[in-house]
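Below: the structure, in C-alpha cells.
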Amino acid sequence: MQVHRVFHTGAVTSLVLLFAWLVAWEIVVAPLHPGGSLLALKALPLLLPLRGVIKRDLYTLQWSSMVILIYLIEGIVRAWSDRTELSRIMALGEALLVAAYFLFALLYLRPYKKQAQKLAKELLDKVKVPHD
C-alpha cells in the first residue's frame, strides 16, 4: 500500500499547492490590477474539501475531483487569453496542478471503486431470480 500512500500525499500536496499558487498569482506575481486583485478569493473554495482530503474521505475525494475541473477550465482559458506572459505561465501552472490533483485523486480512489463494483456484482448475483 506504499503506492496508495503516494497517491494520497500527491492529492493533498497538489491541492495545497494549488491554493497557494492561486493566491500568489492574483496578489503578488501577476495580479489583474496593481496591488492585488479580489480574484484571489477564487482560491477559497479549495479549502472546503481540504479537511476531507487529508482525512482520506472517499466521498470528498470523489466530489472534489469533479469540482476541481472548473479550475482546469479557468487555467486553460486564461493561458490562452491573458495578455501578459507571466499570467499565461501562472495559468498553465494552475492547469497542471489541477491535472495533478485530479490524477492523484482518481488513482487513490481506483481500488475502492473496484472493490465496490465487485461487491455490487456479488450482491446482484445473490438476488438474481432464475428465469424459466
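First residue of the sequence shown: 67, per my numbering; consecutive thereafter.
All C-beta atoms, glycine included, are put in the ideal place defined by N, C-alpha and C.
Measure the alpha-carbon distance for residue 164 versus residue 194 and round it to whole angstroms.
-> Looking up residue 164 in the sequence shown gives position 98. Looking up residue 194 in the sequence shown gives position 128. Using only the alpha carbons, I get a separation of about 42 Å.
Reducing DSSP to helix, strand and coil, say where residue 103 ends up.
-> In the sequence shown, residue 103 corresponds to position 37, counting from 1. It is coil, neither helix nor strand.
Sequence-distant residues of its chain with Cβ nearer than 7 Å to residue 161 (five each side left out) | Here residue 161 refers to the residue found at position 95 when the sequence shown is read from its first residue. Exclusion of the five residues before and after residue 161 leaves 138, 141, 142, 145 as the residues of its chain whose Cβ lies within less than 7 Å of its Cβ.
Inter-residue spacing [alpha-carbon to alpha-carbon] between residue 106 and residue 172 | In the sequence shown, the residue the question calls residue 106 occupies position 40. In the sequence shown, the residue the question calls residue 172 occupies position 106. Between the alpha carbons of residue 106 and residue 172 lies a distance of about 27 Å.
How far does the alpha helix (DSSP H) with residue 191 in it reach, from first residue to last?
-> To locate residue 191, count along the sequence shown from 1; it is residue 125. Annotation: the continuous alpha helix (DSSP H) that includes residue 191 extends over 151-193.
Between residue 112 and residue 83, which are expected to be in contact by the criterion C-beta below 8 Å, what is the C-beta distance as a whole number of angstroms?
-> Reading the sequence shown from its first residue, position 46 is the one you call residue 112. Reading the sequence shown from its first residue, position 17 is the one you call residue 83. Cβ atoms of residue 112 and residue 83 stay farther apart than 8 Å, at about 10 Å.
Residue range of the unbroken alpha helix (DSSP H) whose run includes residue 142 | Indexing the sequence shown from 1 puts residue 142 at position 76. According to the DSSP assignment, residue 142 belongs to the alpha helix (DSSP H) that extends over 135-147.
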